[in-house]
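Okay, so here's the structure we're looking at.
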Amino acid sequence: MTMTAKKRAKKKRPGFFGVTARIVMTVFAALLFLSYLSVVVNPASVWFFSIFGILFPALILINFFLLVWAIFRRSSSFWIPLLILLPAFFVIDRYWAFHTPSEEEPELRMISYNVGRFEIERGEGELSKEDRRDFIFSKLRAEEADVICLQEFRVEAYEDVKAVCKRYFPRYECAYYAFPDAHSKVGNVTLSRYPILSKSFQTFEGSTNLILYTDVRLKQKNIRIYNCHLQSYSISLPGLIKTVDEGEEYLRTTGAKMRNSILRRPRQVDEILKNIQKCPLESLVCGDFNDTPMSHTYFALQRGHKDSFAEAGNGFGASYYYFWPLLRIDYLLYGESLRAIAHKSPHWIYSDHYPVIVDFVWNKK
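Residue 364 is where the sequence shown ends in numbering that gives the first Met the number 0, and the numbering goes up by one at each step.
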């Protein structure tokens, strides 16, 4: 072998840094692959797959950074992050979308909003719960929506939910279910300017989460609206910080809470799907799913429906204040009779969620 050939052979062998970089790219590509799989794997069978779905936005960014770095370094391993990023183009509109504003006049406006029990003190100055409730209700009234679906709606124990709704929303019919305790009542409320034909609800053992079913006569179409508040992770941002501070024991407790929540949510989703299958009416599913677009929850409920954000949203679709813009957990999924022409999530204060406000037109047949 000549000296030139030896030099070429030596050049082709990746050094320690090159091997390490390839291992890192392979690991993060594998994690992103598991994130893709999380939408088809039922967490009731393998609960930890949901974690990969939650990490999807972060894994996309890491793999994109590795791709840019590999191209800049002229690494022959650039194909690893490139290939794993390709499927993301089919789902990225669930997180970020761009649609030109429609000039059509809306025929129906709907709002879904987790009001956080009116307990969040985020905002200028401290207000009482009643003042925070007044603020949120004034915002809702200003939107002139035809249907309003609220989750974590809280009133004091001595208050009547229907009377409160009638006082603040006199032109709306009201369907609700609230869990009572010694101090308050908390639940879901659906308000409609159109006639409510029937209403029912589904609660879950050991949980304050629920589904409120409401059949509404929307112009010439009867539609069943599923106002959902599905199982949360029961973990707050201060709780996560405490996990870091207090170490292993608190981490174990936090992990147990997450596992419990992840296992409960599929059962709740199954209840919705069973009801949809039996119901002769077209379905509209909205509310706080407490799960991301890369989840079994979302893909199971989205089947047979369109996602208002993917169809008409702009920018980031995140609906949760903490960790914005990574977490989109509030949705409005609709059927074939409607077409979304505008979707927005204004950053209102006094809740840890942002509302989902959607304008529709009726599909002409």
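Ideal placement from N, C-alpha and C gives every residue a C-beta, glycine not left out. None of these values were measured; they are calculated from a predicted model.
When DSSP states are grouped into helix, strand and coil, Thr-213 belongs to the strand group.
When only Cα atoms are considered, Leu-85 and Leu-31 end up about 11 angstroms apart. When the five nearest sequence neighbours on each side are left out, the beta carbons in the same chain lying within less than 6 angstroms of the beta carbon of Lys-343 are those of Ile-356, in order along the chain. For Trp-95, the pairing in a beta bridge is given by DSSP as Phe-315. Between the segment 105-116 and the segment 71-82 there are fewer than three inter-stretch CB-CB distances shorter than 8 angstroms, so the stretches are not counted as touching. For Leu-196, the closest C-alpha among the options Gly-334, Asp-358, Cys-173, Ser-336 is that of Cys-173. For secondary structure counted as the alpha helix (DSSP H) over 4 or more consecutive residues, the segment 29-67 holds these complete runs in sequence order: 48-53. Setting aside the 5 residues that flank it on each side, Leu-280 is surrounded in the same chain by Asp-214, Asn-221, Ile-222, Arg-223, each with a C-beta closer than 8 angstroms to its C-beta; the list follows chain order. In the three-state reduction of the DSSP assignment, Val-284 falls in the strand class.
If you look at Thr-202, you'll find it isn't in any alpha helix (DSSP H); it sits in the beta strand (DSSP E) that goes 195-202. In the three-state reduction of the DSSP assignment, Asn-221 falls in the strand class.
Annotation: Tyr-167 is outside any beta strand (DSSP E); the continuous alpha helix (DSSP H) that includes it extends over 160-167. When rounded, the separation of the alpha-carbon atoms in Leu-283 and Asn-226 is 9 angstroms. DSSP places Asp-290 outside any alpha helix (DSSP H), giving it a letter other than H or E. For Ser-137, there is no enclosing beta strand (DSSP E); the enclosing alpha helix (DSSP H) covers residues 128-141.
Just measuring C-alpha positions, the residue of Asp-329, Ala-339, Ala-57, Val-360 sitting nearest Pro-345 is Asp-329. Within the same chain, Leu-325 come within 8 angstroms of Ala-57 by CB-CB distance, once the 5 residues on both sides are set aside.
Tyr-319 sits buried, since 16 or more C-beta atoms from the chains shown fall within 10 Å of its C-beta. In the three-state reduction of the DSSP assignment, Trp-361 falls in the strand class, which pools E and B. Pro-179 sits in a strand when the DSSP states are folded into three classes.
Counting along the chain, Ile-83 sits inside the alpha helix (DSSP H) bounded by residues 78-84.
A buried status is given to Asp-290, since no fewer than 16 other beta-carbon atoms sit within 10 Å of its beta-carbon. A straight line joining the alpha-carbon of Leu-262 with that of Ser-74 spans about 42 angstroms.
For the pair Phe-97 and Ile-91, the Cα-to-Cα distance works out to about 11 angstroms. Annotated three-state conformation of Ala-144 is coil, per DSSP.
Counting only residues of its own chain and dropping the five nearest sequence neighbours on each side, Phe-315 has a CB closer than 6 angstroms to the CB of Trp-95, Pro-324. Taking C-beta separations shorter than 7 angstroms and ignoring five residues to either side along the sequence, the partners of Ala-87 in its chain run Ile-59, following chain order. Here the segment 154-173 makes contact with the segment 186-201; the two share three or more CB pairs at distances below 8 angstroms.
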